[in-house]
Amino acid sequence: MSQNIIKFVINTKRTLMLFNQIYTQYYKKIYQFVYRLSYSQQDSEDITQDVFISLFKEIESNNKLNNIKAWLYKCAFNKFINVNKKSKVISLTNNISHYEINDQASIESDFIHNEKKKIIIDAMSKLTEQEQVLLNLYNEDFSYKEISEIVDIKYTSVGKILSRVIEKLAKQIKLSNHEELCIQRKIV
Amino acid sequence: MKNCVSKEKLFDYYHSELEKEEMDFIDAHINVCEDCKHLLSQIESEILLVKETINNFNPEYIEIPEFSLKRSHSLNNYNKMKILGWAASISLLITISTLATQKIIHNQKPVNDYEYFQYIPDINDAWKENSITVTCYDENGNPIDHQVIKN
Numbered sequence: 802m803s804q805n806i807i808k809f810v811i812n813t814k815r816t817l818m819l820f821n822q823i824y825t826q827y828y829k830k831i832y833q834f835v836y837r838l839s840y841s842q843q844d845s846e847d848i849t850q851d852v853f854i855s856l857f858k859e860i861e862s863n864n865k866l867n868n869i870k871a872w873l874y875k876c877a878f879n880k881f882i883n884v885n886k887k888s889k890v891i892s893l894t895n896n897i898s899h900y901e902i903n904d905q906a907s908i909e910s911d912f913i914h915n916e917k918k919k920i921i922i923d924a925m926s927k928l929t930e931q932e933q934v935l936l937n938l939y940n941e942d943f944s945y946k947e948i949s950e951i952v953d954i955k956y957t958s959v960g961k962i963l964s965r966v967i968e969k970l971a972k973q974i975k976l977s978n979h980e981e982l983c984i985q986r987k988i989v
Numbered sequence: 038m039k040n041c042v043s044k045e046k047l048f049d050y051y052h053s054e055l056e057k058e059e060m061d062f063i064d065a066h067i068n069v070c071e072d073c074k075h076l077l078s079q080i081e082s083e084i085l086l087v088k089e090t091i092n093n094f095n096p097e098y099i100e101i102p103e104f105s106l107k108r109s110h111s112l113n114n115y116n117k118m119k120i121l122g123w124a125a126s127i128s129l130l131i132t133i134s135t136l137a138t139q140k141i142i143h144n145q146k147p148v149n150d151y152e153y154f155q156y157i158p159d160i161n162d163a164w165k166e167n168s169i170t171v172t173c174y175d176e177n178g179n180p181i182d183h184q185v186i187k188n
């Protein structure tokens, strides 16, 4: 009996140690991932917290997780979709108002930076929800296979969508950089 | 050039997400084709530009809070709202159906026995006199159903 209790205590300690390690390693990454989709700090905090509660329960019940990183992102993505559905916020365009842009920028560089941010947010908002998620996952260095599993799309579609989205976004970023230069010249 | 590869294929090649045969083919092709080599470097610069831009869009400061198993208020509120929403819609449905039923009953045109006989075609006076009509009334005293019982 006492041996069983010792085993239980050791297992619990191991679980906690493992969980704490994952928590400190991935908290910021998951937060950033959700933030780039929701553009809301409150939603990002809530969803990230919920993701780790789910992870804790999975580890506690000894469920085997083959790829913890992919599992965390998939969980975060699903929770984001659920929250979006519940709050009736479907597209990123609606969330942009949450994004904190410093309107009272008195310094010229701040003004230019904010202008650039606005243009790029606008470019990002033109992407579909799926394209935004794919882009963010790609940015986290996931392989095509992992991305296809997280978002639940065909493996062959991942490269096609990403190549198209990156080309489109790069064009718009270049355009915004050009506009930024024009603004700088006007100010000078 | 005839054997030039598409931008999508080059994108996959850049990430080594092609079969070995295709990878080898593009390897060999790029060494001899300046256009594809240029396209590949263009893809690379686009990727770097986009990644750099995305990474600039982060909140200024992220604090790692102490872990708690308690769910956030907003997510709990979503569930409460969901339950309340269901309860409200069910009660609304019940109220509407009750009101509709009452409305249907009250809207039935009151008919007295004499008028009821007018609805029956080819009826003669003798038959009318020797007939008994059973009428059902609602709680407000309005007739809602008639039945003719032959004498």
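The listed protein sequences correspond, in order, to chains A and B. Numbers in the working numbering are just positions in the first sequence, counted from 1, shifted up by 801. Numbers in the working numbering are just positions in the second sequence, counted from 1, shifted up by 37. Cβ coordinates follow ideal geometry from the N, Cα and C atoms, glycine included.
- Residue 183 of chain B has B:172 as its beta-bridge partners, per DSSP.
- The DSSP-derived three-state label of residue 93 of chain B is helix.
- Taking C-alpha positions only, residue 976 of chain A is separated from residue 123 of chain B by approximately 48 Å.
- Close to chain B, meaning a Cβ-Cβ distance shorter than 9 Å, are the following residues of the region 856-875 of chain A: 857 and 858.
- One Cα belongs to residue 973 of chain A, the other to residue 965 of chain A, and the distance between them is close to 13 Å.
- Annotated as proximal: residue 838 of chain A and residue 933 of chain A, with beta-carbon spacing under 8 Å.
- Taking a beta-carbon distance threshold of 8 Å, residue 62 of chain B does not count as an interface residue toward chain A.
- Per DSSP, the continuous alpha helix (DSSP H) segment holding residue 940 of chain A begins and ends at 930-940.
- The beta-carbon distance between residue 44 of chain B and residue 91 of chain B, rounded to whole angstroms, is 20 Å. This is too long to meet the 8 Å contact definition.
- Apart from sequence neighbours up to five positions away, the residues of its chain that approach residue 950 of chain A with a beta-carbon distance below 8 Å are 871 and 875, ordered along the chain.
- Between the alpha carbons of residue 105 of chain B and residue 959 of chain A lies a gap of roughly 36 Å.
- At a cut-off of 8 Å between beta-carbon atoms, residue 87 of chain B makes contact with chain A.
- According to the DSSP assignment, residue 953 of chain A belongs to no alpha helix (DSSP H), since it is labelled neither H nor E.
- Taking the C-beta atoms as reference points, residue 823 of chain A is found nearer than 8 Å to residue 869 of chain A.
- Distance from the Cα of residue 943 of chain A is smallest, within the candidate group A:970, A:857 and A:830, for A:830.
- The DSSP-derived three-state label of residue 54 of chain B is coil.
- Residue A:885 holds the alpha-carbon nearest to the alpha-carbon of residue 845 of chain A among A:971, A:885, A:929 and A:978.
- Runs of the alpha helix (DSSP H) lying entirely within the region 823-876 of chain A, each at least 4 residues long, are 842-861 in chain order.
- Setting aside the 5 residues that flank it on each side, residue 864 of chain A has no residue in the same chain whose C-beta is closer than 8 Å to its C-beta.
- Contacts between residue 83 of chain B and chain A, judged by CB atoms closer than 7 Å, involve 967, 968 and 971 in chain order.
- A Cβ-Cβ separation of about 6 Å places residue 881 of chain A in contact with residue 848 of chain A under the 8 Å criterion.
- Around the C-beta of residue 852 of chain A, 16 or more other C-beta atoms lie within 10 Å, and the residue is accordingly described as buried.
- Put simply, the backbone Cα of residue 86 of chain B is about 20 Å away from that of residue 836 of chain A.
- Not a single C-beta of chain A is nearer than 8 Å to the C-beta of residue 117 of chain B.
- DSSP places residue 134 of chain B in the helix class (H, G or I) of the three-state scheme.
- Taking 8 Å as the CB threshold, residue 101 of chain B lines the interface with chain A.
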